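Per UniProt numbering, residue 1 is the first one in the first sequence, and the count goes up by one each step.
See below for the structure under consideration.
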Amino acid sequence: MSPPRKRKESSAERLVEPGRRESLRTRLLEWYDRQKRDLPWRRTRDPYAIWLSEVMLQQTQVATVIPYWERFLQRFPSVEALAAAPLPDVLALWRGLGYYSRARNLHGAAQEVVARFGGKLPSTAAELLTLPGFGRYTAGAVASIAFGEPAPLVDGNVARVLSRIFEVEGAPGDRAREARLWALATELVHGERPGDFNQALMEHGATVCRPESPLCLLCPVREECLAYRHGRVDELPPARVRAAPKRMTLAVAVWAHEGRLLLARRAEKGLFGGLWELPAAEVDDDTPDTESTSRLAEALGADVTLRGHLGTVRRQLTHRALSLRLLRVTGATHPTHAPAFRELRWCTPDEASSLGMSTAMHKALEAAVSAGALQA
DNA sequence: TAACCGTGGTC
DNA sequence: TGACCAAGGTT
1 MSPPRKRKES SAERLVEPGR RESLRTRLLE WYDRQKRDLP WRRTRDPYAI
51 WLSEVMLQQT QVATVIPYWE RFLQRFPSVE ALAAAPLPDV LALWRGLGYY
101 SRARNLHGAA QEVVARFGGK LPSTAAELLT LPGFGRYTAG AVASIAFGEP
151 APLVDGNVAR VLSRIFEVEG APGDRAREAR LWALATELVH GERPGDFNQA
201 LMEHGATVCR PESPLCLLCP VREECLAYRH GRVDELPPAR VRAAPKRMTL
251 AVAVWAHEGR LLLARRAEKG LFGGLWELPA AEVDDDTPDT ESTSRLAEAL
301 GADVTLRGHL GTVRRQLTHR ALSLRLLRVT GATHPTHAPA FRELRWCTPD
351 EASSLGMSTA MHKALEAAVS AGALQA
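See the structure below:
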């Protein structure tokens with residue numbers, strides 16, 4: 001007979017003792033019932049509205065999301081309304097919220113929900129995962145919060161909370177760490193009120209078990225927390241290592257004609273995908289303006305002449321340092337189609353401001369106008 | 001799998 | 001003021 005082998009990946013393996021598990025669940029749920037914030041998406045049971053909140057909250061703070069969520073639901077109150085809308089209208093409501101692929105995927109998923117599921121969002125995490133923009137987290141969040149499925153989720157908050165309670169080692173991105181966190185979340189979520197329990201974990205991470213200066217004296221599960229017991233709360237989890245931002249320089253065409261500016265809509269992938277902008281072309285940092293001008297001519301498919309320089313707008317993203325060089329240009333013929341863009345349009349500054357446009361380009365537009373782009 | 005994808009708040 | 005970060009997903 002061979003000796004019994006230690007099984008490392010059995011889903012039946014118990015990570016948390018039953019008594020501790022029930023204690024954690026009860027304390028967190030009771031704390032949540034007393035202390036949860038009154039957030040607008042906690043006042044609805046509409047799966048679509050809950051889905052929307054989860055997508056907007058990805059890598060985005062609650063206070064930022066609230067007004068966007070309310071405007072978006074007012075304009076697109078149902079999956080059908082969203083699915084029927086043109087993508088540029090959706091992006092216009094998303095303007096300034098960032099990570100615009102979220103809006104593109106949301107729109108695409110709404111159309112799939114109409115086509116594949118009769119307009120009703122599927123109710124299981126497994127089905128939700130087949131829709132664009134649903135990863136493991138969002139599928140678990142919508143399945144548990146909107147439909148009551150005991151589906152686990154791990155976001156940044158949950159990862160921090162569980163890392164501390166169970167003293168999980170490893171940095172964000174470490175595979176063994178992620179697997180252990182998901183396994184812990186899976187064990188803990190089974191039971192009553194899975195949606196509330198998941199939200200309790202996240203709420204606890206957001207308000208008490210914070211990244212900096214956690215409020216351990218107010219913590220409902222302090223007695224269960226290994227990091228607290230061992231004085232390691234401040235070192236768990238270790239900070240994420242971030243790559244230095246890369247520089248990116250864009251030559252921006254400021255082409256004015258009779259009070260209007262030429263606007264272009266970008267290709268739908270990559271940075272600022274599908275958004276409107278003053279027509280821009282990436283250049284090297286040391287590219288002279290004359291050469292930048294010919295790059296813009298190529299992108300627009302039109303002859304343009306450099307008329308002057310209207311300044312540079314700088315904008316810091318998480319992983320990019322953007323420089324937007326505003327080049328005043330003119331041309332004899334006005335292009336209506338361009339090889340590098342989805343669409344062209346001549347707009348007054350007010351019209352341009354209502355388009356779906358990145359914050360970087362919005363600042364560039366304001367800078368161009370105040371530098372006298374529309375004056376002769 | 002590691003790089004890419006935005007923004008505003010916080011200290 | 002600049003570095004760090006937030007209810008992640010895609011390729």
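We put the CB at the ideal spot given by N, CA and C, even for glycine.
Because the structure is a prediction, the values reported are computed rather than measured.
#1: Helix, strand or coil for valine 254 per DSSP?
#2: Across the stretch 14-22 and the stretch 106-121, are there enough close Cβ pairs to call them in contact, namely three or more that are closer than 8 Å?
#3: Are the CB atoms of lysine 36 and leucine 200 within a distance shorter than 9 Å?
#4: Consult DSSP for residue 378 and reduce its assignment to one of helix, strand or coil.
#5: Give every residue of the same chain whose Cβ lies closer than 8 Å to the Cβ of threonine 305, excluding the five residues on either side of it in the sequence, and list them in chain order.
#6: Quick check on glycine 98: does DSSP put it in helix, strand or coil?
#7: Taking glutamine 74 as the reference, which of Leu327, Arg175, Ala49, Ser144 has the closest Cα?
#8: What is the DSSP secondary structure of tryptophan 309, reduced to helix, strand or coil?
#9: Taking the continuous beta strand (DSSP E) assigned at threonine 330, which residues delimit it?
#10: If you reduce the DSSP assignment to three classes, tell me which class serine 11 lands in.
#11: Secondary structure at glutamine 316, three-state DSSP: helix, strand or coil?
#12: Do you know how far the Cα of leucine 275 is from the Cα of alanine 151?
#13: Assuming arginine 222 is part of the alpha helix (DSSP H), what are its boundary residues?
#14: Do you know how far the Cα of glutamate 80 is from the Cα of lysine 8?
#15: Helix, strand or coil for lysine 6? Go by DSSP, reduced to three states.
#16: With a Cβ-Cβ cutoff of 9 Å, do methionine 202 and aspartate 234 count as a contact?
#17: Pair every Cβ in the stretch 178-187 with every Cβ in the stretch 218-227, then say whether three or more of these pairs are closer than 8 Å.
#18: Sort Pro172, Ala179, Thr64, Leu52 by Cα distance to leucine 15 and report the nearest one.
#19: Around the C-beta of proline 3, are 16 or more other C-beta atoms found within 10 angstroms, so that it is buried, or is it exposed?
#20: Within a Cβ cutoff of 8 Å, which residues of the same chain sit near glutamate 366, ignoring the five residues on either side of it in sequence?
#21: In terms of residue numbering, what span does the alpha helix (DSSP H) encompassing glutamate 282 cover?
#22: Return the bridge partner residues of alanine 373 from the DSSP annotation.
#23: Buried or exposed for histidine 107, please, with buried defined as at least 16 other CB atoms from any protein chain shown within 10 angstroms of its CB.
#24: For the stretch 47-66 against the stretch 26-33, are there 3 or more C-beta pairs whose distance is under 8 Å?
#25: Threonine 44 by DSSP, collapsed to three states: which one?
In short, the structure shows the following:
#1: For the purposes of this step, residue 254 is taken as the residue at position 254 of the first sequence. Valine 254 falls in the strand class under three-state DSSP.
#2: Segments in contact, no.
#3: Counting from 1 along the first sequence, the entry for residue 200 is found at position 200. Counting from 1 along the first sequence, the entry for residue 36 is found at position 36. The identity of residue 200 in the sequence shown is alanine, whereas the question assumes leucine. The answer is yes: Cβ separation under 9 Å.
#4: Since the first residue of the chain shown is 1 and the last is 376, residue 378 is not available in this structure.
#5: Stepping through the first sequence from its first residue, residue 305 is reached at position 305. Setting aside the 5 residues that flank it on each side, threonine 305 is surrounded in the same chain by Thr293, Val329, Thr330, Gly331, each with a C-beta closer than 8 Å to its C-beta; the list follows chain order.
#6: For the purposes of this step, residue 98 is taken as the residue at position 98 of the first sequence. Looking at glycine 98 - three-state DSSP - the assignment turns out to be coil, as it is neither helix nor strand.
#7: Residue numbering aside, residue 74 sits at position 74 when the first sequence is read from its first letter. Nearest of Leu327, Arg175, Ala49, Ser144 to glutamine 74, Cα basis: Ala49.
#8: Residue 309 sits at position 309 when you count from the first residue of the first sequence. According to the sequence displayed, residue 309 carries histidine and not tryptophan. Correct three-state label for histidine 309: strand.
#9: To locate residue 330, count along the first sequence from 1; it is residue 330. Run containing threonine 330: 320-330, per the beta strand (DSSP E) assignment.
#10: Working through the first sequence from its first residue, we reach residue 11 at position 11. Confidence in serine 11 is poor, its pLDDT being 48 and thus under 50, which makes the residue's placement unreliable; the coordinate value appears in the next sentence. For serine 11, the three-state secondary structure derived from DSSP is coil.
#11: On the first sequence, position 316 is the one that residue 316 refers to. In the structure shown, glutamine 316 adopts extended strand secondary structure according to DSSP, grouped into three states.
#12: The sequence position of residue 151 within the first sequence is 151, counting from 1. The sequence position of residue 275 within the first sequence is 275, counting from 1. Rounded to the nearest angstrom, the two C-alpha atoms are 35 Å apart.
#13: Numbered from 1 along the first sequence, position 222 holds the residue referred to as residue 222. Taken as a continuous stretch (DSSP letters only), arginine 222 belongs to no alpha helix (DSSP H), as it is neither H nor E.
#14: By 1-based counting over the first sequence, the position of residue 8 is 8. By 1-based counting over the first sequence, the position of residue 80 is 80. Note that lysine 8 scores 43 on pLDDT, short of 50, meaning its location in the model is unreliable; the coordinates nonetheless yield the value given after this. C-alpha separation (whole angstroms): 45 Å.
#15: Taking the first sequence and counting its residues from 1, the one referred to as residue 6 is at position 6. Interpretation of lysine 6 is limited by its pLDDT of 38, a score under 50 that renders its predicted location unreliable; the figure taken from the coordinates is listed afterwards. Three-state result, lysine 6: coil.
#16: Translated into positions along the first sequence, residue 202 becomes position 202. Translated into positions along the first sequence, residue 234 becomes position 234. Aspartate 234 is positioned such that its CB atom lies no closer than 9 Å to that of methionine 202.
#17: With a cut-off of 8 Å, the stretch 218-227 and the stretch 178-187 do not count as touching, because too few Cβ pairs lie within range.
#18: Stepping through the first sequence from its first residue, residue 15 is reached at position 15. Taking only the C-alpha atoms, the option nearest leucine 15 is Ala179.
#19: Against the first sequence, residue 3 aligns to sequence position 3. Unreliable placement is indicated for proline 3, whose pLDDT of 40 sits below 50; no coordinate value is reported for it.
#20: Residue mapping note: residue 366 aligns to position 366 of the first sequence, counting from 1. Only residues of its own chain outside the window of five on either side were considered, and among them none has a CB closer than 8 Å to the CB of glutamate 366.
#21: Position 282 of the first sequence, counted from the start, is the residue given in the question as residue 282. Not the alpha helix (DSSP H): glutamate 282 falls in the beta strand (DSSP E), residues 280-283.
#22: On the first sequence, position 373 is the one that residue 373 refers to. The partner list for alanine 373 (beta bridge, DSSP) is empty, contrary to what the question assumes.
#23: In the first sequence, residue 107 corresponds to position 107, counting from 1. Burial call: buried.
#24: Verdict: no, contact absent.
#25: Taking the first residue of the first sequence as position 1, residue 44 is located at position 44. In this structure, threonine 44 counts as coil in the three-state DSSP scheme.
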